[in-house]
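2 protein chains.
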Amino acid sequence: MATIEDVARLAGLSRTTVSRVINDQPYVTEEKKEKILNAMKQLGYVPNSSARRLRSQRTETIAVLLPRVTNPFFGRLIESLEEEASDYGYQVIVCQTHDNKKKELDYLNLLKTKQVDGVVLASLANDWKDIEPFLASGPIVLCNEYMENEQISMIHIDHFQAAFDATLHLIEQGCRHLAYTTGGHQTHITQQRKNGFLRALEVNNLIFNPELEICGTLNVEEGRKAFYYIKERHPYVDGVFTGSDEVAAGMINAAAQEGWNVPGDLSIVGFDNQMISLLMVPAITTVQQPIDEMASKTIQVLVDKMHNKNHSMEHRYIYPYELIKRSSTGINAAIPTASK
Amino acid sequence: MATIEDVARLAGLSRTTVSRVINDQPYVTEEKKEKILNAMKQLGYVPNSSARRLRSQRTETIAVLLPRVTNPFFGRLIESLEEEASDYGYQVIVCQTHDNKKKELDYLNLLKTKQVDGVVLASLANDWKDIEPFLASGPIVLCNEYMENEQISMIHIDHFQAAFDATLHLIEQGCRHLAYTTGGHQTHITQQRKNGFLRALEVNNLIFNPELEICGTLNVEEGRKAFYYIKERHPYVDGVFTGSDEVAAGMINAAAQEGWNVPGDLSIVGFDNQMISLLMVPAITTVQQPIDEMASKTIQVLVDKMHNKNHSMEHRYIYPYELIKRSSTGINAAIPTASK
DNA sequence: TTGTAGGCGTTATCAC
DNA sequence: GTGATAACGCCTACAA
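Here the protein sequences line up with chains A and B, keeping their order. Start counting the first sequence at 1; every next residue gets the next number (the numbering used here). Start counting the second sequence at 341; every next residue gets the next number (the numbering used here).
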């Protein structure tokens, strides 16, 4: 592997001059610049990134921590984050935590070991007290996940309000016996959604049966199970707020197999407006987050912090969402099929 | 940021000894080891990764180049590759090429600049002659993509045979007028699939109308368009081999809206056995690739090359696939609805 | 405009 | 067992 030294020798000049050419700095005559460029080409010289990093103390790399890329929401998010980061000249390392506390901390260590300049946290398995110390090693920005805390910038939608709106929509469609499903890992987001759901019931003088909170539900298969739980244990349920289009899809799929009519017998709301929500029959009512805008702002805030080491204020950016009403919830909710 | 020097000073020992402790090397008395560990803890010392990389000339990092993570097949693949790599102590950088030649070459440059020790190529936008020079900088393994070439190891299924089997299945179900859709970027894979498709027609003495090759089709929306193209221009078509479950899903969705019966009026085969293929009504007949096994072998081969710098032979690993028959193809294919 | 020299943080070599 | 010292490849005062 050719080094800067080799190039200098071949060109009959010093390392300094070569370095100047590499970094497009002034004070090099065209003639010598030419000579050096030739030497570089001839040797197939490429600057060694580890050496540059060590010297400059910067990696031009960002770590993105998220539960899993196979969740389409995070797939979209990473795609968007990567594109934006690339515009700023940053490379992205995707870190899948699988909602595992240890993995999350291991990946945060990339910051300590100076393998990345900053972190986007789209996963949050640990308590804040365990995350906070990492701030000393570099900037961290929260995207999607959030909490009550002002020590860190956050980019997210209002999940309380989104759940409230979605639940209200179910109630407006005539649902009176509502169930609620929540994902595998309990975070502030799921808590907020639950609160929004409960609040919507409350303002409509509906009472909530705690047995209708179905936990650990985060994919299609578990959506199917959730349906059977309702069918077998609480068949009077007429509406469900799921935190996920995949769960909603699983429920619809199982419901169809069992001869239940959606939304006639059961109205279902998903989350994230994934492709699947539009393809299911019936199409799924869902909440859409402005992923691209959130990703863009996230990188922008993080890059800003990485550049102005100190004095950038922490700030919370709350983005608007959209409740997309489709056929999985409907006014026919009041007309159950005979079979039910 | 504390350095090894700081630790040494605080512990009253030399950098060398500290280094020994960091790397679990012998020849350090328990007593001094203890002292050093304490000093490290006290200072919050973490070894600097850039310095280690420079010194060791290794990054413990692998780049995975793929078109896009939002394609569920690649989502699954990256999840699996990452897990396997992590078992070998390697970190993964996900590089989305979007089938762009320049991006692909830019990312391959990570190898030249020594930012990664090896590359998994699951995208292949460039000609081999443009990729080949990078082999001088480090090992590259092809996963999913492949070609006729013996200079590099490849892990993949037999796409010719898979397409052949899928097409044969359509024919066995009574389809006689077959169409074929292909993704955005033309690669060896798409060529192989096309050949397999054509060969199946040939051995059954069916002729192929070139107008029924529908190109540039790689997502749900384009699947919908493909359906309308068939409906409006070639309504006699009774079977389609798509290279993608998403395209198949889009076609089924549009077909349902237009009152076509699948498979009665049109049988459809997808590819990859994505979640959606099971959720659509009808469920989609599809080809399943053994993603985990392929990912595992890919990393294994790559790691082996990274360790035995020179003498590991190139080898092609062909994995078995499975044609999963579901309701989107069926013997009712011969009974079109009146509306068609 | 160009070159010299020192150091970024580690680890390997060799001497003690 | 332990420690000086010399790289790894690059950048940047500072000197010329």
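Beta carbons are placed, not taken as given, at the ideal position from N, Cα and C, and that holds for glycine.
- Scanning chain A for C-beta atoms nearer than 8 angstroms to the C-beta of B/Thr453 yields Val46, Pro47, Asn48 and Ser49, reported in chain order.
- When CB distances to chain A are screened at a threshold of 7 angstroms, the residues of the stretch 604 to 619 of chain B falling below it are Met615, Ile616 and Leu619, in chain order.
- Identification of chain A residues near B/Asn593 by a Cβ-Cβ cut-off of 7 angstroms yields Leu279, ordered along the chain.
- Residue pairing for B/Arg355: DSSP places it in no beta bridge.
- Short of 6 angstroms from the beta carbon of A/His315, and not among the five residues preceding or following it, lie these beta carbons of its own chain, in chain order: Ser153.
- Distances from the alpha-carbon of A/Ala2 to those of B/Arg360, B/Glu371, B/Arg349 and B/Lys452 put B/Lys452 closest.
- Annotation for A/Ile131: the continuous alpha helix (DSSP H) segment containing it runs Trp128 to Ile131.
- For the set B/Ala391, B/Glu562 and B/Met653, the Cα lying nearest the Cα of A/Leu54 is the one of B/Ala391.
- Not one beta carbon of chain B lies nearer than 8 angstroms to the beta carbon of A/Glu5.
- Near chain A, meaning a CB-to-CB distance below 8 angstroms, the residues of the stretch 424 to 449 of chain B are Gln431, Val432, Ile433, Val434, Gln436 and Asn449.
- About 7 angstroms separates the beta carbons of A/Glu145 and A/His188, which is inside the 8 angstroms limit, making them a contact pair.
- Partner residues in the beta bridge of A/Met154, as assigned by DSSP, are A/Leu142 and A/Arg316.
- As DSSP reads the structure, B/Leu406 sits in a beta bridge with B/Gln436.
- Beta-carbon to beta-carbon, B/Ala519 and B/Val577 are separated by about 5 angstroms, close enough to satisfy the 8 angstroms threshold.
- With distances taken between CA atoms, A/Ala254 lies nearest to A/Glu221 out of A/Ala283, A/Glu221, A/Lys305 and A/Pro235.
- Around B/Arg393, the beta-carbon contacts reaching into chain A at under 7 angstroms are Ser50.
- For A/Thr190, the three-state secondary structure derived from DSSP is helix.
- The beta carbon of B/Ser396 sits closer than 7 angstroms to no other beta carbon from its chain once the five residues preceding and following it are set aside.
- One thing to note: A/Gly138 has its Cβ within 8 angstroms of the Cβ of A/Gly118.
- Residue range Gly118 to Leu121 is occupied by the beta strand (DSSP E) that includes A/Gly118.
- Cα atoms of A/Pro72 and B/His509: separation of roughly 31 angstroms, rounded to the nearest angstrom.
- Here B/Tyr385 is buried: its Cβ has 16 or more other Cβ atoms, across all protein chains shown, within 10 Å.
- Against chain B, the CB of A/Thr298 has no partner CB under 8 angstroms away; the residue lies outside that interface.
- Taking CB atoms only, B/Ala596 has a neighbour in chain A less than 8 angstroms away.
- In the DSSP annotation of this structure, the continuous segment of the beta strand (DSSP E) that includes A/Gly239 starts and ends at Gly239 to Phe241.
- Closer than 8 angstroms to the CB of A/Gly174 there is not a single CB belonging to chain B.
- In this structure, the beta-carbon distance from A/Gln96 to A/Arg58 does not fall below 8 angstroms.
- Bridge pairing for A/Ala179: A/Val240 [DSSP].
- In the three-state reduction of the DSSP assignment, B/Thr401 falls in the strand class.
- With contacts defined by Cβ atoms closer than 8 angstroms, B/Ala635 and B/Leu421 form a contacting pair.
- Going by C-alpha positions, A/His234 is about 8 angstroms away from A/Leu212.
- Against chain B, the CB of A/Thr70 has a partner CB under 8 angstroms away; the residue lies at that interface.
- Excluding sequence positions up to five before and after A/Gly239, its CB lies within less than 6 angstroms of the CB of Leu170, Cys175, Leu178 and Ser267, all in the same chain and listed in chain order.
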